[in-house]
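Its first residue numbered 983, the sequence shown is counted upward by one per residue in our numbering. The C-beta atom is built at its ideal place from N, Cα and C for all residues, glycine as well. Every value quoted in this text rests on a predicted model; they were computed, and no experiment measured them. Below is one structure, written out as structure tokens, with a few remarks after it.
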Amino acid sequence: MKRYDQLEITDSFMFAKVMSDKEICKATLEQILNIKIRDIKYLDYEETIQVAPGAKGVRLDIYVEDDKNTVFNLEMQTTSYAELPKRSRYYQDVIDLNIIEKGDTYDILGVSYVIFICTFDFFKKNRSVYEFENICVDDANIRLNDGTHNIFLNTKGDRDGIGRELQLLLDYFDGREPESKLARDMQKKVFEARGNDQWRREYMSYQMELNQQYKNGRAEGIEQGMKQGIEQGMKQGIEQGKKQGVQQATEDINKLIKVLLSQKKYDELEKMSEDKEYQNELMKKYNIIE
């Protein structure tokens, strides 16, 4: 992972800290959605929401609500993977389940936005903004009106058709110098954050947590490899099977880490350390396993 003083706005930790500034967060939502918001409140700032005992928790970068009870989930995404749309679906479900309690009626569910700021063009259509709502497949004029919106911003897309302020904001997220007031405010906040000793300690603790999760995941992988090796050992000998299982699991994980580090895929390295399924997906993606 990067050193704390190397973090930029597109790094998840730094993005969350910058967006903890209410005025910056509100202005960002206003420019993305082209609306005016009177006020916002943070519902679960960078917290893991557990929707049910034993269920998979989800860490939301920015999770806020405005004065009209519209909920916004804002995420920075620098790594592209095929399951990203399903992740947006999962986040919508998490938001709903976090709002509604047993016995409540569904009409308490309001409008919700899941917004991914992507430094890549997931849909390969060269658009800067992709917004999705549920509509009838037989008649696009018929909307489901369930209140859910999924938006994918693409910092690499064609800027035609979007406002000047949003253009400059996407340019900033894409690594260019900040030219708008909002982008300059964000950059100033980044510089301030780098000098924040408390946040530096948080980041170090965050790194330690991820490293521990990685070690735990590696241990689980080795254990699984041992089991696979034992199964093979039914034919080749128990001890030989254990050795092969441990060695193969360790080699696979080390190969994946080397690939991710060489390509500076820090977000993927971080995510795979806390998600075993995603770790296996990456191994398949990079042809480490079949």
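- Counting of Cβ neighbours within 10 angstroms places ILE1097 among the buried residues, the total reaching 16 or more.
- Judged by beta-carbon spacing, TYR1260 lies beyond the 8 Å limit of LEU1238, meaning their Cβ atoms are not closer than that value.
- Counting every other CB atom within 10 Å of its CB across the protein chains shown gives THR1130 a total of 16 or more, marking it as buried.
- Only residues of its own chain outside the window of five on either side were considered, and among them LEU989, GLU990, ILE991, MET996 and VAL1000 have a CB closer than 8 Å to the CB of VAL1172, listed in chain order.
- Secondary structure at CYS1100: strand, using DSSP grouped into helix, strand and coil.
- Within the same chain, GLY1092, VAL1093, SER1094 and TYR1095 come within 8 Å of THR1052 by CB-CB distance, once the 5 residues on both sides are set aside.
- Taking all protein chains in view, the Cβ of ILE1144 is crowded by 16 or more other Cβ atoms within 10 Å, so the residue is classified as buried.
- Counting only the Cα atoms, LEU1148 lies some 14 Å from GLU1159.
- Residue burial is scored here from C-beta neighbours: ALA1165 has at least 16 other C-beta atoms within 10 angstroms and is therefore classed as buried.
- Secondary structure note for ASP1167: its alpha helix (DSSP H) is the uninterrupted segment 1163-1176.
- Pairing ARG1109 with VAL1076, the inter-Cα distance amounts to about 28 Å.
- Under the 8 Å Cβ criterion, the stretch 1013-1023 does not count as touching the stretch 1179-1186, having fewer than three qualifying pairs.
- TYR1268 has no beta-bridge partner at all, per DSSP.
- Inter-segment contact for the stretch 1133-1142 and the stretch 1118-1125 is absent: fewer than three beta-carbon pairs are separated by less than 8 Å.
- In the displayed model, THR1130 falls within a strand according to three-state DSSP.
- For GLU1057, the enclosing beta strand (DSSP E) starts and ends at 1053-1059.
- Of the candidates ALA1064, ILE1006 and TYR1045, the residue whose Cα lies closest to the Cα of ASN1055 is TYR1045.
- Sorting THR1061, GLU1057 and TYR1088 by C-alpha distance to the C-alpha of TYR1073 places GLU1057 at the top.
- Cβ-Cβ separation between ASP1249 and THR1060: approximately 5 Å, consistent with a contact (criterion under 8 Å).
- In chain order, ILE991, THR992, ILE1099, THR1101 and THR1137 place their CB closer than 7 Å to the CB of PHE1155, counting only its own chain and leaving out the 5 sequence neighbours on each side.
- In the structure shown, TYR1063 falls within a coil segment according to DSSP collapsed to helix, strand and coil.
- If you draw a straight line from the Cα of LEU1011 to the Cα of ARG1125, it is about 24 Å long.
- Going by DSSP, PHE995 is part of the alpha helix (DSSP H) stretching over 994-1000.
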